[in-house]
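Only one structure is covered here, and it is reproduced in the block below.
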Amino acid sequence: MAVQKVGVVAGGLMGAGIAQTCAQAGYETVVREVNQQLLDKGMARIYGAWETMASKGKLNQRQVDEYRARLHGTLDMAEFADCDVVIEAVIENMEEKLRLFPALDGILKPEALILSNTSSLSVTQMGAVTKRPDKICGLHFFNPAPVMKLVEIVQTISTSQATIDTVRQFALSLGKTPVLAKDTAGFIVNFLLIPYLLAAIRMLENGMASKEDIDTAMKLGCGYPMGPFTLLDYVGLDTTMWAAEAIYEEYKDPLYAPPPLLRRMVISGMYGRKSGRGFYEY
Ligand code: CAA
């Protein structure tokens, strides 16, 4: 199937980055939010990124105009009716996803694919509440979505090979390098990344070193672009906790149990960069 029009559900940090990526790659892109305020915020995030790229000379005005013309915001999910692919990037909450998937299933044309950007929830469960489980898989982007080269394609036991082939081509057309993962909690990246981030929090809880020194150690000692606390703030402490909980739920491995400090920071609204305060202040 040739993908021409892409729908993105939600214009938050990941949804906006995904919509930006699709519009830049030449796809007619429609992003849907639940209210005008959130939609305006998501669109402003994308327009702002293009302005920054233009100010650095990475885009010219004609390209910015073309991208803007291809991107369309809406509050009405019915506008997804003629999309070939819809990518959902709503909150990491299974109840939310289980409400969304049947609604999308009822609106989209029969051959359209529904992809989830979930970082650790079961894509199998999302597919099971639709009449097209063969056309459902994960397509997990990394923050910042327009910059990070990787996407994880997540295959459930019901996803057809034709769907995987189409999604692989689609990912390549976005300039991404896809890897294929089975639908097990955490897929590839978070299965490895989450224990590392949680271990850093436990080190801080135990007073083994300061957060600044832990960050410096991993940046300069291992060549990571960001230390674990900077990355936690960047990804979002809430997102990290949900991912940890989902993997813990599946394996009951204490490595994935959210440390008390993480839970308390999330309860207090310290989500990281997006809320202005996490391990650092912004
Ligand atoms: N659109 C377009 N370009 C963007 C952008 C956006 N939204 N955001 C950043 N960029 C560009 C910048 O303009 C800059 O471009 P130039 O170098 O050409 O000027 C480039 O990206 C790098 O940005 P910065 O110069 O601002 O900063 P940096 O060099 O320190 O890189 C970073 C920033 C790419 C985020 C880098 O620090 C990094 O790779 N960090 C690690 C990020 C990471 O690990 N992400 C994965 C998290 S896990 C996850 O997301 C999954 C999950 O499920 C939890």
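Going by our numbering, the first residue of the sequence shown is number 1, and it counts up by one from there.
Yeah, the Cβ is synthetic: ideal placement off N, Cα and C, and Gly gets one too.
If you run the structure through DSSP and keep just helix, strand and coil, what is C83? Position 83 of the sequence shown, counting from 1, holds the residue named residue 83. The answer is coil: DSSP assigns C83 none of H, G, I, E or B.
Applying the 10 Å Cβ sphere with the 16-neighbour rule, what's the burial state of T156? By one-based count along the sequence shown, residue 156 stands at place 156. Buried, since its Cβ has 16 or more Cβ neighbours within 10 Å.
N35: buried (16+ other C-beta within 10 angstroms of its C-beta) or exposed? In the sequence shown, residue 35 corresponds to position 35, counting from 1. When all chains shown are included, N35 counts as exposed.
Between which two residues does the beta strand (DSSP E) containing P178 stretch? As a working mapping, residue 178 is identified with position 178 in the sequence shown. It spans 177-182 - the beta strand (DSSP E) in which P178 sits, taken as one unbroken run.
Whether G17 touches A145 by CB criterion (8 Å): Within the sequence shown, the letter at position 17 stands for residue 17. Within the sequence shown, the letter at position 145 stands for residue 145. Taking 8 Å as the Cβ cut-off, G17 and A145 qualify as a contacting pair.
Just to check, is the beta-carbon of F191 closer than 7 Å to a non-hydrogen atom of the ligand CAA? Here residue 191 is taken as the residue at index 191 of the sequence shown, counted from 1. Every heavy atom of the ligand CAA is 7 Å or more from the Cβ of F191, so no.
Per the DSSP calculation, L150 is bridged to which residue(s)? Residue mapping note: residue 150 aligns to position 150 of the sequence shown, counting from 1. Looking at the DSSP assignment, L150 forms a beta bridge with T177.
How about L231: is its Cβ closer than 7 Å to a heavy atom in the ligand CAA? In the sequence shown, counting from the first residue as 1, residue 231 sits at position 231. Yes, Cβ of L231 sits closer than 7 Å to a heavy atom of the ligand CAA.
Sequence-distant residues of its chain with Cβ nearer than 6 Å to P195 (five each side left out): Locating residue 195 in the sequence shown gives position 195, counting from the first residue. If we look at P195 and ignore the five residues flanking it on each side, its Cβ neighbours are L255.
Give me the Cα-Cα distance between L115 and F80, rounded to the nearest whole angstrom. By 1-based counting over the sequence shown, the position of residue 115 is 115. By 1-based counting over the sequence shown, the position of residue 80 is 80. Cα-Cα distance, rounded: 13 Å.
Residues sharing a beta bridge with K5, DSSP: On the sequence shown, residue 5 is found 5 positions in, with the first residue counted as 1. Per DSSP, E28.
Name the residue from I107, N117, V3 whose alpha carbon lies nearest to the alpha carbon of K239. For the purposes of this step, residue 239 is identified with residue 239 of the sequence shown, where counting begins at 1. Note on residue identity: the sequence assigns Thr, not Lys, to residue 239. Here the closest residue by C-alpha is N117.
For L262 and N206, I'd like the C-alpha separation in whole angstroms. On the sequence shown, residue 262 is found 262 positions in, with the first residue counted as 1. On the sequence shown, residue 206 is found 206 positions in, with the first residue counted as 1. Straight-line Cα distance between these residues: approximately 13 Å.
Are the beta-carbon atoms belonging to V9 and D84 less than 8 Å from one another? Counting from 1 along the sequence shown, the entry for residue 9 is found at position 9. Counting from 1 along the sequence shown, the entry for residue 84 is found at position 84. It is not a contact, given that the beta carbons lie outside the stated cut-off.
Mind checking whether the beta-carbon of T52 lies closer than 7 Å to any heavy atom of the ligand CAA? To locate residue 52, count along the sequence shown from 1; it is residue 52. The answer is yes for T52.
Whole-angstrom distance between S120 and T184, CA atom to CA atom: Within the sequence shown, numbered from 1, the residue matching residue 184 stands at position 184. Within the sequence shown, numbered from 1, the residue matching residue 120 stands at position 120. Approximately 8 Å, taken between the alpha carbons.
Cutoff 8 Å; reference S160; Cβ partners in own chain excluding five residues on either side: Here residue 160 refers to the residue found at position 160 when the sequence shown is read from its first residue. So the list reads D134, K135, once near-sequence residues are dropped.
Range of the contiguous alpha helix (DSSP H) that encloses I91: Here residue 91 refers to the residue found at position 91 when the sequence shown is read from its first residue. Segment: none, I91 is in no alpha helix (DSSP H) and carries neither H nor E.
The stretch 90-100 in contact with the stretch 58-69 per 3-pair CB rule at 8 Å: no
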